[in-house]
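In my numbering, the protein residues as written are 4 to 560. Shown next, in structure tokens, is the structure this report addresses.
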Amino acid sequence: MEKNDFIRNRIREDVAQGTLEQGVITRFPPEPNGYLHIGHAKSICLNFGVANEFGGKTFLRFDDTNPLKEDDEFVDAIQDDVRWLGFEWDDRLTYASDYFQQLFDFAVQLIKDGKAYVCSQTPDEMRVGRGTLTEPGVNSPYRGRSVEENLVLFEGMRAGEFADGEHVLRARIDMSSPNINLRDPVFYRIRNIHHQRTGDTWCIYPMYDYTHCVCDALEQISHSLCTLEFADHRPLYNWVLENINSNYHPPQIEFSRLGLEYTVMSKRFLAQLVADGVVSGWDDPRMPTIAGLRRRGIPASAIRDFCDRIGVTKQDNTVEMGLLDFCVRTQLEPAAPRGMAVLEPLKVTLTNYPDQGGEEAGEWVDGVWHQQNDELGTRKLHFGPTLYIERSDFEEVPPKKYKRLSPGEMVRLRYGYIIRCDEVIKNAAGEVVELRCFYAPDSKSGSDTSGLKPKGVVHWVSASEGIPALVREYGYLFTVAQPDKNDMAATLNADSMVEHTAFVEPAVVASDAARFQFERQGYYYRDPLGLSADVQDDTPVFNRIVTLRDSYKPTQG
RNA sequence: UGGGGUGUCGCCAAGUGGUAAGGCACCAGGUUUUGAUCCUGGCAUUCGCAGGUUCGAUCCCUGCCACCCCAGCCA
């Protein structure tokens, strides 16, 4: 179905009017100072999506104008993430730093045209001079420097004759503009620092407002899409392109950024979580980063679907996590093989199960990998006299309409037999530690002649053949839907990860599928990193991707 | 109390002069050896508020209100 958000409508109009000589060209311009998060995914899906839909192209352009904050680690991670999301840029991988020389030449011309000047105020002086939201700024005392002096000074800046902060290059626009961005914005600052890509070639670096629009023009971007907070910068974007010798002037179009409940989309804060060790890294499965979502097991297709469903507008929005969950389940439901795992084991002993002696006890029963998808085939499950069921599947005093096990009641063990709870064994503390049950030998799944009507179906794992595994359940990073941006640590969820020593059926562990549905529980992903880098252990680790939808509401009594 | 942006169901989001799409969530039924999936039905007399124009307004006009963004030599 054709999407009809305001941006695509606009592009459709431009295409219809035939004003786009090169076709639709977009760009995704991340700064390599952190990992991408799901908010970036919205922008990626928009930029690459639009280009794909209109037969155009998209540049992946790293905005590397501030060597103080940027790192190659992020350049690599960002490429991995975009690729993983399913998008390609072919040979259109660029860096703002590719254009440093051209940016410099344009700046020299601006100086010659009297449109820019070298300012030698201190940062404090400049801040005061800029005025406030309600008061106009005042002209810098250096605003009147001659073109010649500016040229000499700017060349000196480039030549490394000055210390950091001694001078900046400013645009000469309007210190009394109601738009603060137009009050003689800084275009170049001195940074005597090594740049990841240009090394020591430069010691002056251009600012975003000056760089971004020029790069867009040089790459002949047809539509420069960005988030709402840059709307105030649009007049400056336009000013630059109107005042340099450029024959290309892309329109900047702003859309609102993505808000997601129970998490935060601030790179600064996410970096803090990593630095503080609150999470294991940028790819911790609790993080809203692309790398985190990937390691949690969320398929890229689910993220793309999510981005399609949330749409693109200029309205502030905070999307419920439930929508992402829905998208994940939608992808996994038809595809993920089913398996059984018991997270909190409760021992069940079948008192009348034939004693075959020692380790020979038990039998192998058949189970399909997917009830609705025969192509996934079948697997064998071990059934024996000692089993584990989920603790939560037993209640001594069951609520009304309880469809699980309780004293005197029967349930079917999925793919196995019907059992009846005859005896509840407790420890000294009064905790239930074992159920002694009768099993109906003629109730085997698929050939049931018992005529019994169990209350429900329950998952289980053979005690002798089940494989111990570490299962990690992930919750929200925050305890409140909308964390306070000024005090995010206050509402951090201390229990955002719960670990279980679970028992998993052997066929699941042996399978090379990456994602499973553990029946009646949720979707799980075999963590590719395993237990940890420094622990040599074969224990399988499963991350819970998302729970199954659950409409069970325990009733009173 | 400067500038920019936004207000349509709990959350997203179409519609923009002809009498409120869709998705998620939720509720009620049906199927079911996953309380899952699947299927069926329900879910805004009302579009931030108040006036005005009009035969008719969510859509046009006026005024108000609320929320978001902006005072980095960050992006």
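All C-beta atoms, glycine included, are put in the ideal place defined by N, C-alpha and C. Remember, it's a predicted structure, so these values are computed and weren't measured experimentally.
Reduced DSSP category for Cys229 - H, G, I as helix; E, B as strand; rest coil: Per DSSP, reduced to three states, the secondary structure at Cys229 is strand.
Distance between beta carbons of Asp287 and Gly295, contact taken as under 8 angstroms: 6 angstroms between Cβ atoms; contact.
Which listed residue (Leu244, Ile224, Asp127 and Gly365) has its alpha carbon closest to that of Glu568: Residue 568 lies beyond the stretch modelled for the chain, which goes from 4 to 560, so this question has no answer here.
C-alpha distance - Gln559 paired with Asp235, whole-angstrom precision: Only weak support exists for where Gln559 lies, its pLDDT of 47 falling under 50; the value from the coordinates is given anyway. Cα to Cα, Gln559 sits roughly 56 angstroms from Asp235.
Nearest residue (CA-CA) to Ile422, options Gly433, Leu438, Asn430 and Glu434: From the listed residues Gly433, Leu438, Asn430 and Glu434, the smallest Cα separation to Ile422 is found for Leu438.
Cβ pair Arg133, Gly140 closer than 8 angstroms: Contact flag set, yes.
Exposure label - Gln105; buried when at least 16 CB within 10 Å: Counting the other Cβ atoms within 10 Å of the Cβ of Gln105 gives fewer than 16, which makes it exposed.
Any beta strand (DSSP E) of 3 or more consecutive residues that is wholly inside the segment 222–276: Taking only runs of at least 3 residues, the beta strand (DSSP E) segments lying wholly in the segment 222–276 are 227–230 and 255–258.
Closest by C-alpha distance to Asp490, when choosing among Lys456, Asn320 and Gln275: Here the closest residue by C-alpha is Gln275.
Proximity below 8 angstroms, CB of Pro401 to CB of Cys424: Here Pro401 is not near Cys424, since their CB atoms are 8 angstroms or more apart.
Beta-carbon proximity list for Gly557, same chain, < 7 angstroms, skipping 5 on both sides: According to the sequence shown, residue 557 is Pro rather than Gly. Shown here for Pro557: same chain residues with a beta carbon closer than 7 angstroms to its own, the five before and five after excluded, namely Pro402 in chain order.
As assigned by DSSP and simplified to three states, the class of Arg439: Arg439 sits in a strand when the DSSP states are folded into three classes.
Cα-Cα separation, Arg607 to Phe31: Here the chain comprises residues numbered 4 to 560, so residue 607 is not present and cannot be evaluated.
N-terminal and C-terminal residue of the beta strand (DSSP E) that His385 is part of: Here the beta strand (DSSP E) through His385 covers Thr381 to Phe386.
The segment 185–192 in contact with the segment 74–89 per 3-pair CB rule at 8 angstroms: By the Cβ rule, the segment 185–192 does not count as touching the segment 74–89, because fewer than three pairs are nearer than 8 angstroms.
Three or more C-beta pairs below 8 angstroms linking the segment 214–222 and the segment 162–182: Between the segment 214–222 and the segment 162–182 there are fewer than three inter-stretch CB-CB distances shorter than 8 angstroms, so the stretches are not counted as touching.
Proximity below 8 angstroms, CB of Ala119 to CB of Ala174: Result yes, Cβ atoms of Ala119 and Ala174 sit closer than 8 angstroms.
Leu88 beta carbon less than 8 angstroms from that of Arg307: Their beta carbons are under 8 angstroms apart, which means Arg307 touches Leu88 by this criterion.
Alpha carbon of Lys115 to alpha carbon of Thr494, nearest angstrom: Here the alpha carbon of Lys115 sits roughly 54 angstroms from the alpha carbon of Thr494.
Endpoints, beta strand (DSSP E) assigned at Asp369: Start and end: Glu366 to Val371.
Cβ shell of Cys330 (< 6 angstroms), same chain only, five flanking positions each side left out: Ala305, Asp308 and Phe309.
Ile301 in three-state terms, based on DSSP: DSSP places Ile301 outside both helix and strand once states are collapsed to three, so it counts as coil.
Sequence-distant residues of the same chain with beta carbon closer than 7 angstroms to Glu24, five excluded per side: Apart from the 5 residues on each side of it in sequence, Glu24 has no Cβ closer than 7 angstroms to any other Cβ in its chain.
Span separating the alpha-carbon of Glu34 from that of Thr542: Straight-line Cα distance between these residues: approximately 38 angstroms.
Burial state of Asn546 (16 or more Cβ within 10 Å): Buried, by the Cβ-count rule.
Residue range of the alpha helix (DSSP H) that includes Gly2: Past the boundaries of the shown model lies residue 2; the chain is included only from 4 to 560, so the question cannot be answered.
Gln520 versus Arg529 - alpha carbon distance: The straight-line gap from Cα to Cα measures roughly 11 angstroms.
Three-state secondary structure assigned by DSSP to Val460: Val460 falls in the strand class under three-state DSSP.
Delimiting residues of the beta strand (DSSP E) encompassing Met324: Counting along the chain, no beta strand (DSSP E) covers Met324; the unbroken alpha helix (DSSP H) around it starts and ends at Met324 to Leu335.
Lys350 - DSSP class collapsed to helix/strand/coil: The answer is strand: DSSP assigns Lys350 an E or B state.
Exposed unless 16 or more other CB atoms sit within 10 angstroms - verdict on His197: Exposed, because fewer than 16 other Cβ atoms sit within 10 Å of the Cβ of His197.
Sequence ranges, beta strand (DSSP E) only - wholly within the segment 24–109, length at least 3: Counting only runs of 3 or more, we get 28–31, 60–65 and 96–98.
Beta-carbon proximity of Arg382 to Ala510, cut-off 8 angstroms: Yes.
Three-state secondary structure assigned by DSSP to Phe165: In this structure, Phe165 counts as coil in the three-state DSSP scheme.
Three-way DSSP call (helix, strand, coil) for Gly560 in this model: Reliability of the predicted coordinates at Gly560 is poor, the pLDDT of 39 falling under 50, and the value obtained from them is presented with this limitation in mind. Three-state result, Gly560: coil.
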